[in-house]
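Asker: In my numbering, the protein residues as written are 647 to 737. Beta carbons are placed, not taken as given, at the ideal position from N, Cα and C, and that holds for glycine.
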């Protein structure tokens with residue numbers, strides 16, 4: 647195996663333990679293919695958690711940008727935080 651490998655599923659099956667160890671040690675995914683198409687990737691679990699956290703952060707950023715664009719388009723003013731807290735019974 648060498649740098650960001652791609653293995654056919656039948657090649658990967660008997661090497662699963664080595665593939666997992668490599669993904670964990672090298673922090674690079676190992677792709678598994680079927681009929682020439684990538685169908686899966688073996689990735690270190692901590693790396694996946696990091697990627698998912700970044701994706702969630704990006705989704706939040708994009709949602710905030712969309713909300714700001716909508717406010718600009720409609721001319722709406724933001725609701726002050728103190729008012730939001732009061733409406734939710736947090737103040």
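Compute the Euclidean distance between the alpha carbons of residue 729 and residue 690, then round it to the nearest angstrom.
Answerer: Here residue 729 is taken as the residue at index 83 of the chain shown, counted from 1. Here residue 690 is taken as the residue at index 44 of the chain shown, counted from 1. Using only the alpha carbons, I get a separation of about 44 Å.
Asker: DSSP state of residue 684, grouped into three classes?
Answerer: What you label residue 684 is simply residue 38 of the chain shown in a count that begins at 1. Residue 684 falls in the strand class under three-state DSSP.
Asker: Do you know offhand how far residue 673's Cα is from residue 698's?
Answerer: Counting from one through the chain shown, the residue named residue 673 turns up at place 27. Counting from one through the chain shown, the residue named residue 698 turns up at place 52. Between residue 673 and residue 698, the C-alpha separation is close to 15 Å.
Asker: Taking 9 Å as the threshold (C-beta atoms), are residue 655 and residue 678 in contact?
Answerer: Here the question's residue 678 lines up with position 32 in the chain shown. Here the question's residue 655 lines up with position 9 in the chain shown. A contact, by the Cβ cut-off of 9 Å.
Asker: Using 8 Å for Cβ pairs, my map puts residue 684 next to residue 652. What's the rounded Cβ distance?
Answerer: The residue given as residue 684 occupies position 38 in the chain shown. The residue given as residue 652 occupies position 6 in the chain shown. Yes, residue 684 and residue 652 are in contact; Cβ-Cβ is about 7 Å, under 8 Å.
Asker: What does DSSP give as the partner residues of residue 653 in its beta bridges?
Answerer: Start at 1 with the first residue of the chain shown, and residue 653 comes out as number 7. Per DSSP, 678.
Asker: Pull up the distance between the alpha-carbon of residue 662 and that of residue 705, whole angstroms please.
Answerer: Here residue 662 refers to the residue found at position 16 when the chain shown is read from its first residue. Here residue 705 refers to the residue found at position 59 when the chain shown is read from its first residue. Approximately 33 Å, taken between the alpha carbons.
Asker: Could you pull out every residue in the same chain whose Cβ sits closer than 7 Å to the Cβ of residue 724, ignoring the five residues on either side in sequence?
Answerer: As a first step, residue 724 must be located in the chain shown, where it is residue number 78. Closer than 7 Å at Cβ, skipping near neighbours: 717.
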